[in-house]
Amino acid sequence: MLKRFSLLALALLLFLTGCAGFTGGSEGTAASEGKTEDGKVKIDFWTFWGSEIRRPVIDKIIEDFNNSQDDIVVEHTYIPFGDIWTKELAAIAANNPPDVVINDINATALRGQEGQAENLAPYLEKDDISGRFYENLWDATLYEGDSYGIPFNTDTRLLFYNKDAFKEAGLDPNKPPETWEELEEYAEKLDKKSGDTYERIGFYPLYGVGSDVWLLNGSGMNYFNDKDEPVINSETNVDTMEWIKSWKDKYGEDTINRYQSQIDSQQSNPFFNGSLGMMANAATFYTQIRDYAPDLDFGVAPLPEKTSGSGNTSWGGGFVAEIPKGSSHPDEAWEFINYLTDKEAQEYWAVKNFDNVANIEASESAAASDELSEKDQMVYEMAAQNLNETLLTPMPAYAPDYVNLINPQLDAILIENEPAQEALDKAQQDVEELVEKTAQ
Amino acid sequence: MKKKKWWTMGRRESLQGYIFIAPWIIGFLAFTLGPLAFSLYASFTDYNITSRMDFVGLQNYDQLFTGDDLFWTSLYNTLYFVIFSVPLTTMGAIFISMLMNQSLPGMRIFRTIFYLPAVLSGVGVYLLWMQLLDPGTGLVNTVLSWFGINGPNWLFDPDWTKPSLIFMKLWSVGGSMLLYLASMQGISRNLYEAAEIDGAGAWKKFLHITLPLITPVIFFDIITSTIGSFQIFQEAYVMSQNGSGGPASSMLFYNLYMWIKAFQSFDMGYAMAMSWILFVVVLIITLINLKLAPKWVHYEGDDK
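Residue numbers (the numbering used here), protein chains in the order written: chain A, 43 to 482; chain B, 5 to 308.
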């Protein structure tokens, strides 16, 4: 009998250890309570920027801030990307959070609703810095009109194209495709086959970005309209999915997979050696080109429009600096955030990391910075310009995990050959139900 | 008249037993019982970790059973994985430990090689397997192509993602192999010799001597790996697209969905309700296993 009980106990233990992984830890915040010996306020600042490229940049910004005034000392704590927000959540729940945390911009409104971040409206009343940032970024931080995090950095998707391949195919290297139709036309010309095998393919929409980016590009809007109603099975969206499917059918699974695995391995990306003519990707993809294929003659352009005049809408994400609920020094934390998102720090970050920043002025002066090479400047300028047409996809507070209902249907269309209309109808219905349930 | 001794051998032994498991009991009472009770209560609330905890009755459970397709998808995926991976890994481990139980020169090297995957673990192994299973350049499909087989798309084809993971699990059966091997080495040579004199072949010896005598280990292995398989999480989190269980939700396992609900939607009450449902499911299966055990598990020295 005892044997049975110990086995049961073992079963229970295993079950519980499984759960224990989810609770996270909240050690290491004790420092945030205190002050330094000379009476300065200590601010605990959590980021996931630990790489050898990013860490020195953020540490320098912190050092500059610490030297710029006599009241506050910021201490940087690096926490890996996979842990930082669950740890933050645990720390908030334990009433012992850090003072400033870098968090996902698309979940900012949701965190406002759930009471995880401080409402920044009182500080903004004092010094209104909302005008510093691209409008789409700023809007993503609002919940019921109040901001819960200040935009720090962002990104955007562009079309990269190989100029040498363009010349070889008889295309003008200074005239990238402007519409989807031109994209197809150009791709057709760039395709190069020997026997049955493609030596070069012109373009495939799902290298570098997902089908959601093309849905956004085609419709010029998010999955939700102004009235917060889901719009998933619109005519444009059905059309877009069929368009993506047609590319898949054109090149065939084998070719697509062969290229995909090369893309996954980074160094041997087919765009670097000219066997992929055009590719949509984040602007920072350029840093890979710079590192792995410095001699590549390439151009960048906005994502083509679905039809002439439908708009070059692109997709972006980004991160905000927020004050977790219950921070012991919110006023000082605000001072630091204010510095972090001001022109000087933002420009330094932008130039040193080659990363898009949220501050418009910093973004524009970074594009012209002497520290950047000519190619750097060309890409950065295009990216900064593109931010005006870049939409974010904030998680709506009334249906935060709605994408989990849409993505399987998009997969069903592309992988399992489900008719686009039917699959999107199903997604529409599922999301409507989710919204309805949350509203109850 | 003799006074009956209170401090009997039996009591002494049970006390010793309790002392042995005391570290676990103390840990359980101090650290786990509280959270356990809390999660049961919170599963009846709309707890969001930071700001809200209102009692909502059975609403979470009601929504899970009647209004959440992804819940059923995740349960299906998990059951699929358990049903295939538990028997296959058990059989694989027994098979390999049989091979490792021969006395050949250099056997220690083979044992080390087969045990090695059990030492390596975690994300590194998953990344390695993502490369091995790559449809275009991966080693698995390359080897298959030598035999003229056009390998599947493994992690990109919804029909192949779960078999991919089961395949990967088979690679690391070394851990349970060790248990079987230890148990096989404990079997007396006399039994085999006696059987040989009676004219038993290798298969008969395995079936009538080895197998019955390792049933306690098989039983232990099945229970622990069933529980472990129900909790599959990391594999899907690392190896699926965006860690969201794709393509087409085919890797959306129970714990992954629970994690998404808890830490992406901040719907902790809902996630806790899910964890209690899983607890009940695993408990029932474990009880059935325990009930069936006397029919096939053979303990040496048992009177029965």
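Even glycine gets a Cβ: it sits at the ideal position worked out from N, Cα and C.
For E69(A), name the three-state secondary structure that DSSP assigns. Within the first sequence, the letter at position 27 stands for residue 69(A). With a pLDDT of only 40 at E69(A), under the threshold of 50, the placement of this residue in the model should not be trusted; the figure read from the coordinates follows. E69(A) falls in the coil class under three-state DSSP.
Tell me which residues share the same chain as T219(B) and place their Cβ nearer than 8 Å to its Cβ, disregarding the 5 neighbours each side in the sequence. For this step, residue 219(B) is matched to residue 215 along the second sequence. Within the same chain, T219(B) has close Cβ partners W300, V301, H302.
Tell me whether the segment 11 to 21 of chain B and the segment 297 to 306 of chain A touch, counting them as touching only if at least three CB pairs, one residue from each stretch, are closer than 8 Å. no
Kindly list, in the order they appear in chain B, the residues whose Cβ is closer than 7 Å to that of A454(A). Here residue 454(A) is taken as the residue at index 412 of the first sequence, counted from 1. Within 7 Å Cβ-Cβ: A252.
Under DSSP, the beta strand (DSSP E) around W88(A) begins and ends at which residues? Position 46 of the first sequence, counted from the start, is the residue given in the question as residue 88(A). Residues 83 to 89.
For chain A, find out if any of its Cβ atoms is closer than 8 Å to the Cβ of D66(B); answer yes or no. As a working mapping, residue 66(B) is identified with position 62 in the second sequence. Chain A, which has no Cβ nearer than 8 Å to the Cβ of D66(B), makes this no.
DSSP beta-bridge partners for Y240(A)? Position 198 of the first sequence holds residue 240(A). For Y240(A), which the question treats as bridged, DSSP gives the partners K235(A).
Is there a C-beta anywhere in chain A that falls below 8 Å from the one on T82(B)? By one-based count along the second sequence, residue 82(B) stands at place 78. Cβ-Cβ to chain A under 8 Å: no for T82(B).
What residues from chain B crowd round K20(A), counting only those whose CB sits closer than 9 Å? Lying outside 43 to 482, the shown extent of chain A, residue 20(A) is not represented and no answer is given.
How far does the alpha helix (DSSP H) with E364(A) in it reach, from first residue to last? Within the first sequence, numbered from 1, the residue matching residue 364(A) stands at position 322. E364(A) -> not in any alpha helix (DSSP H); beta strand (DSSP E) instead, spanning 360 to 364.
Under the rule that 16 or more other beta-carbon atoms within 10 Å means buried, what is V143(A), buried or exposed? Position 101 of the first sequence, counted from the first residue, corresponds to residue 143(A). Counting Cβ neighbours within 10 Å, V143(A) comes out buried, since at least 16 surround it.
What do you get for G81(A), buried or exposed, if any count of 16 or more other CB atoms within 10 angstroms of its CB means buried? Within the first sequence, the letter at position 39 stands for residue 81(A). Counting Cβ neighbours within 10 Å, G81(A) comes out exposed, since fewer than 16 surround it.
Continuous beta strand (DSSP E) stretch holding I114(A): start and end: The count along the first sequence starts at 1 and reaches residue 114(A) at position 72. Looking at the DSSP string, the run of the beta strand (DSSP E) that includes I114(A) is 114 to 120.
Could you give the C-beta distance for E156(A) and N52(B), rounded to a whole number, given that I count them as a contact under 8 Å? Taking the first residue of the first sequence as position 1, residue 156(A) is located at position 114. Taking the first residue of the second sequence as position 1, residue 52(B) is located at position 48. Their Cβ separation, rounded to whole angstroms, is 5 Å, which keeps E156(A) and N52(B) in contact under 8 Å.
For F90(A) and I114(A), the rounded distance between their alpha carbons: The sequence position of residue 114(A) within the first sequence is 72, counting from 1. The sequence position of residue 90(A) within the first sequence is 48, counting from 1. About 22 Å.
Under a three-way DSSP split, which group does I192(A) fall into? Taking the first residue of the first sequence as position 1, residue 192(A) is located at position 150. Three-state DSSP puts I192(A) in a strand.
Quick check: the segment 456 to 471 of chain A against the segment 429 to 439 of chain A, are at least 3 beta-carbon pairs closer than 8 Å? no
Helix or strand or just coil, what does DSSP make of T78(A)? Sequence index remark: in the first sequence, residue 78(A) carries index 36 (1-based). The answer is coil: DSSP assigns T78(A) none of H, G, I, E or B.
Is there at least one Cβ from chain A nearer than 8 Å to T54(B)'s Cβ? Taking the first residue of the second sequence as position 1, residue 54(B) is located at position 50. Yes, T54(B) lies at the interface with chain A (some Cβ there is under 8 Å from its Cβ).
Pair within 8 Å by beta-carbon distance, A363(A) and I192(A): Position 321 of the first sequence, counting from 1, holds the residue named residue 363(A). Position 150 of the first sequence, counting from 1, holds the residue named residue 192(A). Result yes, Cβ atoms of A363(A) and I192(A) sit closer than 8 Å.
Backbone secondary structure at N204(A) - three-state DSSP: By 1-based counting over the first sequence, the position of residue 204(A) is 162. Three-state result, N204(A): strand.
Would F85(B) count as contacting chain A if we go by Cβ distances under 8 Å? Mapped onto the second sequence, residue 85(B) falls at position 81. Judged by the 8 Å Cβ criterion, F85(B) is not in contact with chain A.
Proximal residues, the segment 113 to 136 of chain A versus chain B, C-beta separation under 7 Å: T128, L131, I134, A135
Using the rule of at least 16 other Cβ atoms within 10 Å of the residue's Cβ for burial, across every protein chain shown, is T116(B) buried or exposed? Here residue 116(B) refers to the residue found at position 112 when the second sequence is read from its first residue. Label assigned to T116(B): exposed.
Would you check if the distance between the CB atom of A149(A) and the CB atom of S189(A) is smaller than 8 Å? Position 107 of the first sequence, counting from 1, holds the residue named residue 149(A). Position 147 of the first sequence, counting from 1, holds the residue named residue 189(A). Result no, Cβ atoms of A149(A) and S189(A) do not sit closer than 8 Å.
A266(B): first and last residue of the uninterrupted alpha helix (DSSP H) it sits in: Your numbering for residue 266(B) matches position 262 in the second sequence. DSSP places A266(B) in the uninterrupted alpha helix (DSSP H) bounded by 258 to 267.
For G178(B) and F118(B), which I take to be in contact (beta-carbon distance under 8 Å), what is that distance rounded to the nearest angstrom? For the purposes of this step, residue 178(B) is identified with residue 174 of the second sequence, where counting begins at 1. For the purposes of this step, residue 118(B) is identified with residue 114 of the second sequence, where counting begins at 1. That belief holds up - the Cβ atoms of G178(B) and F118(B) are roughly 5 Å apart, short of 8 Å.
Buried/exposed call for G123(A), threshold 16 Cβ in 10 Å: The residue labelled residue 123(A) in the question sits at position 81 within the first sequence. The amino acid occupying residue 123(A) in the given sequence is Phe; Gly does not appear at that position. Label assigned to F123(A): exposed.
Is the segment 206 to 218 of chain A close to the segment 229 to 236 of chain A, with three or more CB pairs under 8 Å? yes
Just mark P298(B) as buried or exposed, buried being the case when its beta carbon has 16 or more other beta carbons within 10 Å. In the second sequence, residue 298(B) corresponds to position 294, counting from 1. By the beta-carbon neighbour count (other beta carbons within 10 angstroms, threshold 16), P298(B) is exposed.
Please report the Cβ distance between M255(B) and N81(B), rounded to the nearest whole angstrom; I am assuming they are in contact, meaning their Cβ atoms lie under 8 Å. Residue numbering aside, residue 255(B) sits at position 251 when the second sequence is read from its first letter. Residue numbering aside, residue 81(B) sits at position 77 when the second sequence is read from its first letter. Confirmed, about 7 Å.
Simplified DSSP assignment, three categories, for I274(A): Stepping through the first sequence from its first residue, residue 274(A) is reached at position 232. If DSSP states are grouped into helix, strand and coil, I274(A) belongs with coil.
Beta carbon proximity, L74(B) to chain A, threshold 8 Å: In the second sequence, residue 74(B) corresponds to position 70, counting from 1. So yes, L74(B) belongs to the interface.
Run of the alpha helix (DSSP H) containing D453(A), from where it starts to where it stops: On the first sequence, position 411 is the one that residue 453(A) refers to. Its alpha helix (DSSP H) spans residues 445 to 457.
Hey, P450(A) and S253(B) are a contact pair by Cβ (cut 8 Å); roughly how many whole angstroms apart? The count along the first sequence starts at 1 and reaches residue 450(A) at position 408. The count along the second sequence starts at 1 and reaches residue 253(B) at position 249. That belief holds up - the Cβ atoms of P450(A) and S253(B) are roughly 4 Å apart, short of 8 Å.
DSSP state of N138(A), grouped into three classes? Taking the first sequence and counting its residues from 1, one reaches residue 138(A) at position 96. Of the three classes helix, strand and coil, the one that applies to N138(A) here is coil, per DSSP.
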